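Since the structure comes first, as structure tokens, the remarks are kept for the end.
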Amino acid sequence: MARELPYIAAINEAIRLEMQRDESVLYFGQNIATTKNDPFLQEFGSDRVRVTPISETAEIGMGIGAALAGYRPVVELYMAEFMLVGMDQVVNEAPRFRYMTGGQVRVPLVMKAGYGFTAGWAGQHTGSIYGMFMGVPGLKVALPATPADAKGLMATAIRDDNPVCYFQHYLLLLDHGEVPEGEYLVPFGQAAVRRAGTDVTIVGTGWTVGRALAAAERLAGEGVSAEVIDPRTLEPLDTATILESVAKTGHLVLVDQATLHASASAVIAAEVADAGFSYLKAPIRQVTALDATIPYSRPMEEYVLPNEDKIVAAVHQVLGSAPVAAT
Amino acid sequence: MARELPYIAAINEAIRLEMQRDESVLYFGQNIATTKNDPFLQEFGSDRVRVTPISETAEIGMGIGAALAGYRPVVELYMAEFMLVGMDQVVNEAPRFRYMTGGQVRVPLVMKAGYGFTAGWAGQHTGSIYGMFMGVPGLKVALPATPADAKGLMATAIRDDNPVCYFQHYLLLLDHGEVPEGEYLVPFGQAAVRRAGTDVTIVGTGWTVGRALAAAERLAGEGVSAEVIDPRTLEPLDTATILESVAKTGHLVLVDQATLHASASAVIAAEVADAGFSYLKAPIRQVTALDATIPYSRPMEEYVLPNEDKIVAAVHQVLGSAPVAAT
Amino acid sequence: MTDTNGVEGLDRDRLVWMWTQMVRVREFEERVKRTFEEHPGVIRGHTHLADGAEASIVGSLATLRPGDQLMTTYRCHGYPLVLGTSPKAMMAEIYGKAAGLCGGYGGSMHLTDVSRGFLGTSGIVGQGIPQATGAAYAAQIRRQGQVVLCFFGDGATKQGAFHESLNIASLWKLPIVYVLENNNYNVVTRVEQEDANAAAGEPLAVKARAHSMPGVTVDGGDPLAVYGEVGAAVARARDGGGPTLVESKVYRLSAHGNSIAPPGVPLHFPEHEAITTFGATEEYEAAKRGDPVPRFRAKLVTDTTLSPAEADRITEAARTEMQEAVEFGLESELPKPEDAVKYVYA
Amino acid sequence: MTDTNGVEGLDRDRLVWMWTQMVRVREFEERVKRTFEEHPGVIRGHTHLADGAEASIVGSLATLRPGDQLMTTYRCHGYPLVLGTSPKAMMAEIYGKAAGLCGGYGGSMHLTDVSRGFLGTSGIVGQGIPQATGAAYAAQIRRQGQVVLCFFGDGATKQGAFHESLNIASLWKLPIVYVLENNNYNVVTRVEQEDANAAAGEPLAVKARAHSMPGVTVDGGDPLAVYGEVGAAVARARDGGGPTLVESKVYRLSAHGNSIAPPGVPLHFPEHEAITTFGATEEYEAAKRGDPVPRFRAKLVTDTTLSPAEADRITEAARTEMQEAVEFGLESELPKPEDAVKYVYA
Ligand SMILES: Cc1ncc(C[n+]2csc(CCOP(=O)(O)OP(=O)(O)O)c2C)c(N)n1
Ligand SMILES: Cc1ncc(C[n+]2csc(CCOP(=O)(O)OP(=O)(O)O)c2C)c(N)n1
Ligand SMILES: [Mg+2]
Ligand SMILES: [Mg+2]
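Protein chains in written order, with the numbering used here: chain A, 823 to 1149; chain B, 823 to 1149; chain C, 99 to 444; chain D, 99 to 444.
So this is what it looks like as structure tokens:
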């Protein structure tokens, strides 16, 4: 039987293996390696592993500079929202250098941050803000949903010659799953079909993949066969796999932890409403967070988030409404 | 005949009138009012009109603080990209205070910035980044496309009790148009039908409204009747008007100066692919900027931008493909 | 008995009031902490305590007049208690209840009481500093002699927002006092590991020099010293003399915050990082020995401002008050789920 | 003739080389400026000139060794010329041609020549500072004695990024020299209108104090003074002594940049803001009288390092060289439209 690891350990394993493999990989950020006992510090030394001050603009900017100078930094940023204080570096600097210099440079930089910590972390620490990083030319975005992908996408991110936002999901940190040992790469831009099905396509990312799978399980009990797709990276986005599925099922439900207008699902819906229009037998329905800052208190927090009930209801709607579209 | 004003003058007129009307309105930002001759400074004095250092994080943060303390600041930010260095204040502070305090406070704040200066300003000053501000609960986004709207939306923004991103378009600054005198308010969340039509709905914002109108004119010559809609605000977004139009035309083309995955058009397409699915006779096509940082040199810059040819071609595609969807 | 203890304007009642507030903060925080063990699951997310900073908080806030304002970080429980906010409403907020100070929308990190001049908090390090500066701009042009206090940690001085704000405040002579609570730690990072001044053996107050602003360092364990320095700065600010950076040296007596874990894993309050991360048990013990709450009690008892019996009564009253807050919080109702979509827009 | 002019290591050839580079920068910028009148429409967007800063640029770059690196702002034409980049490729870039230094992708604000250690520019104020600091971190751990120069304006010191970077550089003792080109203006804002130090009559170099870093102010109109201060800082950085902030006082002799207008409106280069905005004609005239290019020529001629005839020959050669750059730029081909989608990803 293959080895199981928690998601968080899988990420660390990937960083460690890549640092062993390539001396130019650096790892720095806040509140890491502050004592000699830190395993990264012990293995790779203080040239390559450093604690930084709470200075995200400088941290990300320094990541860019070190990348321009030939290194491959992984910047630990803890929470995606903390990137907002250095947002210019993320979207208006890192991804533009190569282009503006006419291809003279590369910026191999991994910006690693958690997101979506809807566990009472209230308004400023719970966002699912990956949508802001989509459509930024030159930037890639990875959203691992499983421990294996957490490892494989991190390894790929580190080897990529472009800036990559690697967003791990806080609610998944301790999820266990099979993780291949040794070198393991998950290619960017290749969606995973997490469950095969024929009646409806459900697309989720990160934590909502699990919600979609649970909904699919429940739907199976009703005789509805749902295919569940996890794009794994938002940039590049594997629309081909989604379109293939919709060609088969004719029905699409998108699940997203972000609000409707900030969601990756809107982007996917728009792609399918163009290239996959002729496959569609019913409206594309999105199950997203409600349009509210995430509240602290549990009942309100639960209320605004997507969940299995909402996904199942959306599937019922698109299946039920299929005849309407056929008229 | 009604009075004509350039877009830029219309904006200033709105700020001036609101400052006359309400003493709590402040106006500050970089490189304004640095001499006694400044008309705003002369009329309203240095309490209410101030030049700030190049410190966007502090400028926007101070806007929030002054708003919490009872004022209504308009912060001049020049270019939307400059907001990126203070992005946390824009999306993770200003719009969250009211909610996180359970309604104790309001943050009436206008963040005023230009965008889309695709006139050789190269990679870092030409973005159409309004998409990043969509779906942020508590935040509103206005994108005036005409001098009249420039005035009316600014007045509404200043009177709004919520943080508003007011994005003026750099390519339109000197466009002339009729502007009502005196108090003039354009309500948020009400799209304008810029041209009535029956065969296809074209939605554009800001500078692309003009491109869409020009394309519609050309299409009219071919006997195709295009309806052109300008949402005017992205948050709130008037999907009802768009849906009504699509109900009539059955065809939708969206024009956006942003890249495909960062566009407001993706959000609109997704809304229509749900609520308006049964109206659609053809795929929804988006005409956006190509997936590249904006290049400096003119031929390349023109290549990546949406234009009339591309819009006309998209309309041909959706009209031509209508029979496919009807099978 | 000394009436003023060398600090102008502090009579006996005020001194006793100061210690009382310190005890109230401590007792509140103790109960927040205990809630993790005694009522698992009631507090969610991330909670940061003010224990150890009581003298600094009380000494600072004692300088304010009605109409003055303040903004703080996520480590925000101490201030409203001193301002007179109901501990019941505060505890209910931390427990996520509808009767909470913010209706359960904000939780521990965002306690706000606008009615008492407490305009809000930011959970994002350093980002509250420009906000408080903006409130000071408002105070300046309102011309009613208001002053704003801006509280933040040592770590926050590494955010650009700190420097941008101080420059403007100094340039515009804004009526604001920046109270830098230097507790030596940013989570598990010691200040000399992230701060060039600290690494060079200089106080963090020298940062004020970059903005041609006065900067002072004060023993944040002594409420009278804090009162003196912050008070002088407040007076200058009120007189149009501009801002001051006051570095108040404190030691937080609990860990940075409760444990961070996905749902399902019970949360707890770990030991202080000095011990768990750095093995610096003696550092922590020394801080405990210097605990500002008993320290100020001893001082007041020694100089006969306060009798031991009265001190005990005050402590007892605070315990009762805060225990009632716990009970109120526990018994209160959760908000209605659908209220989540209220207050998104004004 | 003095061989070293009191500045170590500068022989006659090097001094003449320095003046030559100053002249080359000036002649290049003059032609960029003239292009707005002589070839309207050829330069698009926003162009910022280095005239007035030649002594500072040359004095700074003269301290470098092969392998050293630099990063700058959008005001970036001077540096690559001194490093040896082809003015033809530079002018072609500014004209948006395929043969341009960056293939027409970047334009005036983003001249970059990685082959000469010039790693890039940012058009966003202050944002290049952490990037250069990251390059210095790379240099530190590469252990080949490289030093990084980081150039930026007075306005940029109001960005948080500046302070965040200086703290880390000081803390980590990075091999970097921060050259603050204080030209007294941020567009139409005078430095004392936005900077608390300037308003208090202090040099901007005092900002270094906030980071326990040495800070010095130097006459940026004197290349030897700049060479001396930057050289000392570079030497210290190379020896592991850590970073320095060097404030170099310059005066830009042209407006901030060309006029800003939508397409269709011809662009032009206005007069300096001292005159147009502030009516401070005498300030501007004084700066003109102190123009570093004739000033250094006079010095070299006076001390017989340079003969007037040689100076004229150098000037003539620079004129020819830069005129050829203009012609090359004008004659070069525009890029193919569809090349716009190249170089988006590596
Ligand atoms: C911009 C940002 N980066 C990182 C964090 C995570 N974080 C929360 S509290 C904290 C430590 C702050 O230290 P300090 O300012 O000294 O305050 P203290 O907690 O010691 O009171 C950090 C790093 C954050 N909230 N915001
Ligand atoms: C973050 C940001 N805010 C504003 C601008 C607009 N802007 C461009 S150059 C400039 C002036 C910068 O002044 P300074 O740093 O002194 O450099 P100088 O132009 O004088 O060389 C400003 C405000 C910008 N590019 N980036
Ligand atoms: Mg601290
Ligand atoms: Mg300047």
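Beta carbons: idealized from backbone N, C-alpha and C, even for Gly.
Quick caveat, the model's predicted, so the values are computed rather than measured.
C-alpha distance - residue i paired with residue j, whole-angstrom precision
i, j, result
"Pro1145 of chain B", "Ala1104 of chain B", "Confidence at Pro1145 of chain B is low in this model, with a pLDDT of 35, below 50, so the placement of that residue should be treated as unreliable; the coordinate-derived value is given next. Approximately 8 angstroms, taken between the alpha carbons."
"Asn103 of chain D", "Asp389 of chain D", "Any reading at Asn103 of chain D is ruled out, since the residue's pLDDT is 48, under 50, leaving its predicted position unreliable."
"Val1015 of chain B", "Val963 of chain A", "37 angstroms"
"Ala187 of chain D", "Gly198 of chain D", "5 angstroms"
"Thr948 of chain B", "Pro1121 of chain B", "15 angstroms"
"Arg1033 of chain A", "Gly851 of chain A", "32 angstroms"
"Gly938 of chain B", "Gln229 of chain D", "26 angstroms"
"Val285 of chain D", "Leu996 of chain A", "52 angstroms"
"Leu959 of chain B", "Asp1113 of chain A", "Checking the sequence, you will find Pro at residue 959 of chain B rather than Leu. Whole-angstrom Cα-Cα distance: 6 angstroms."
"Leu162 of chain D", "Trp117 of chain D", "16 angstroms"
"Ser158 of chain D", "Pro178 of chain D", "13 angstroms"
Where residue i meets chain D, residues with beta-carbon distance less than 9 angstroms
i, result
"Gln852 of chain B", "Gly253, Asn284, Val285, Thr287, Glu292"
"His366 of chain C", "By Cβ distance, chain D contributes nothing, its closest Cβ being about 33 angstroms from His366 of chain C, past 9 angstroms."
"Tyr893 of chain A", "Gly232, Tyr235, Ala236, Ile239, Arg240"
Where residue i falls: helix, strand or coil (DSSP)
i, result
"Gly139 of chain C", "coil"
"Lys962 of chain B", "strand"
"Leu1035 of chain A", "helix"
"Gly107 of chain C", "coil"
"Arg825 of chain B", "coil"
"Leu839 of chain A", "helix"
"His1073 of chain A", "coil"
"Tyr349 of chain D", "coil"
"Gly908 of chain B", "helix"
"Thr1020 of chain B", "coil"
"Arg241 of chain C", "coil"
"Thr145 of chain D", "coil"
"Met311 of chain C", "coil"
"Ala1104 of chain A", "coil"
"Val1046 of chain A", "coil"
Contacts of residue i in chain B (Cβ-Cβ under 8 angstroms)
i, result
"Lys256 of chain C", "Near Lys256 of chain C there are no residues of chain B at all, since even the closest Cβ is about 14 angstroms away, more than 8 angstroms."
Partners in chain C for residue i, counting only beta-carbon separations shorter than 9 angstroms
i, result
"Leu763 of chain B", "Any property of residue 763 of chain B remains undetermined from this structure, which presents chain B solely from 823 to 1149."
Listed by chain order, chain C residues near residue i by CB distance under 7 angstroms
i, result
"Gly960 of chain B", "Val442, Tyr443"
Under 9 angstroms from the C-beta of residue i: neighbouring residues of chain B
i, result
"Val897 of chain A", "Simply none; closest approach about 17 angstroms."
Proximal chain B residues relative to residue i, where beta-carbon distance stays under 7 angstroms
i, result
"Gly945 of chain A", "Arg918, Tyr921, Met922"
Where residue i meets chain A, residues with beta-carbon distance less than 8 angstroms
i, result
"Leu432 of chain C", "Ser1119, Arg1120, Pro1121"
Chain A residues whose Cβ lies nearer than 7 angstroms to that of residue i
i, result
"Thr375 of chain C", "Thr856, Thr857"
"Met956 of chain B", "His1083, Ala1084"
Where residue i meets chain A, residues with beta-carbon distance less than 9 angstroms
i, result
"Thr1071 of chain B", "Correct list: empty, because the minimum Cβ distance to chain A is about 15 angstroms."
- Could you pull out every unbroken alpha helix (DSSP H) segment of at least 4 residues lying fully inside the stretch 381–442 of chain D, listed in chain order? 390–400, 406–429
- Message: Which complete beta strand (DSSP E) runs does the stretch 929–964 of chain B hold, if anything under 3 residues is left out?
- Response: 931–937, 962–964
- Message: If we require 4 or more residues per run, which alpha helix (DSSP H) segments fall completely within the stretch 158–239 of chain D?
- Response: 176–181, 185–192
- Query: Could you name the residues, in chain order, whose CB is less than 6 angstroms away from a heavy atom belonging to ligand 4?
  - Reply: D:Gly251, D:Asp252, D:Gly253, D:Asn281, D:Tyr283, D:Asn284
- Item | Complete beta strand (DSSP E) runs within the stretch 833–898 of chain A (minimum length 3 residues, chain order) | 847–852, 871–874
- Scan the stretch 237–285 of chain C and note each continuous beta strand (DSSP E) run of 3 residues or more that stays entirely inside, going in chain order. 246–251, 274–280
- Message: For a minimum of 4 consecutive residues, which ranges assigned as the alpha helix (DSSP H) are wholly contained in the stretch 314–339 of chain C?
- Response: 321–336
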